[in-house]
Structures are given as structure tokens and as C-alpha cells.
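Residue numbering for the sequence shown follows UniProt numbering, beginning at 1 and increasing consecutively.
Glycine residues also receive a C-beta, built at the ideal position from the N, C-alpha and C atoms.
One structure is given here, and the rest of the page talks about it.
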Amino acid sequence: MLLQVNNLVVNYGVINAVKGVSFDINEGEIVSLIGANGAGKSTILKTISGLLKPKSGKIIYHNKEIQAQKAPKVVAEGISQVPEGRHIFSGLSVMENLQMGSFLVKDRSRIKQTFNEVFERFPILKQRQNQDAATLSGGEQQMLAMGRALMANPKLILLDEPSMGLAPIFINEIFDIIKEINKQGTTVLLIEQNAKKALSIADRGYVLSTGKVQLAGTGEELLANEEVQKAYLGG
1 MLLQVNNLVV NYGVINAVKG VSFDINEGEI VSLIGANGAG KSTILKTISG
51 LLKPKSGKII YHNKEIQAQK APKVVAEGIS QVPEGRHIFS GLSVMENLQM
101 GSFLVKDRSR IKQTFNEVFE RFPILKQRQN QDAATLSGGE QQMLAMGRAL
151 MANPKLILLD EPSMGLAPIF INEIFDIIKE INKQGTTVLL IEQNAKKALS
201 IADRGYVLST GKVQLAGTGE ELLANEEVQK AYLGG
């Protein structure tokens, strides 16, 4: 078991956003959390990342509790997040954005190797490495945000709405890249409004509603589930 979330309760300001959520992720899986806006999905990712502190509950990563750790320590442990809305650093070049992702990696040769791997996976970033990141298209910025997260050599990557605001051609490409990243050994926790796409690549999924897990199953089971079809797949 790579990650276990046990009975997580998180308040966001005065809102009780997450109300006792439990789920787990095995090494090598793609696990998807789906649910309407306001279901608590992003709050869960931010809490795993150390950006928010839970009111109660446990987050166990590699048999170690991490719910009290600060965000840089969580990254150093091997968890990287690609935030909703990409949050690339404008005014910095593509190359500088990627360098920001490797600031905790001490091994220079490892950084160089990861740069080569990222440029191999995202050739457009190599072509544009000296360009201001703000001038990239939405799809290219999403690739940059993913590349930046991969610079930390994560064991687990958290993806928050990777297809949001992208043209259909880029959406397919981003999902292919997620599968590829997973195939090469990185475990994926995916939050995605496009439930059909998310469940079609997920080993397992959890359906969240009003801060709680309502359903769980394999990606295939949830795609075939009538409740899920009605609520999220337009069935």
C-alpha cells in the first residue's frame, strides 16, 4: 500500500469540506476521485500535499503518517502535485519553471537525467525552453506543469483537473501522457471533471459527494454504474 487516507476531516475556512473520507492507493495504480464541484476533491489533494492541515484523520504514505508535515517535506518524501489551473510561473522561461520543480533534488546528474526525460516526453517544451512560460498555449502550459512536477522524481503524482480549459485535441494527449507516466513507474491520483475520461484510464475510482465517499470500484465498474452514468456521464 503506497497511500492510505483514513477518516479524513478537513475544514476550509468555516466550511466542513471533507467529512471523514477514507481511500487507498496501491503502488503503480491510477486512482481517480470524481464528483461534482464542491465535493471536496481539491481539498483532499491539498491536504495530502501538506498545503492544508486536517482537523482529524490520518494520511499514511509508505507506512508513515504525513498529515502533520509541511509541503516541502511532503515533496521530499516523493509526492508532487500538479495544481488546478496549472500555476506556471510567468516571467520565467520554460527551463526556469522546470528548474523550480527540482529545487529539492541535490543530485546534479539526476537533475540532468530528469531534464532529458521530461524533454523526451514533452518535445514542445524542449523547443520552447527559453520562451516565457506565460506565452505557451493552455495545453503546453499543462504539459509544463506536469513536467515541473516530474522534476522532483515523485513516486506519487497528484493531478488536479489536468484537462480543465483545454481543447479536445490536447485533452486526449494529456490523458495519453498520464498513462505513459504511470507505465514508467509513477503512481497517479487523478481528480478530473471529465469523469468518463478519468475512469477509462483508472484502475480504481472513488465517487465523492458533499465531502464523503459514496461509491468505490474499478474504473470499469464505475463507468458501468447507472448512478454514476446519470450523475457524471450524461447517461
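Between V228 and S200, the alpha-carbon positions lie close to 13 Å from each other. Under DSSP, no beta-bridge partner is assigned to D107. P154 is classed as buried because its beta carbon has at least 16 other beta carbons within 10 Å across all chains shown.
By the neighbour-count criterion, in which a residue is buried when 16 or more other Cβ atoms sit within 10 angstroms of its Cβ, Q142 is buried.
With contacts defined by Cβ atoms closer than 8 Å, I25 and L2 form a contacting pair.
For K55, the closest C-alpha among the options A68, R121 and V74 is that of A68.
Residue state for Q81 is assigned as strand, using DSSP reduced to three classes.
When DSSP reads this structure, Q4 sits in a beta bridge with D24 and I60. Straight-line spacing of the CA atoms in I177 and V118 works out to 11 Å. Across the structure, L92 and I171 are spaced so that their CA atoms are roughly 25 Å apart.
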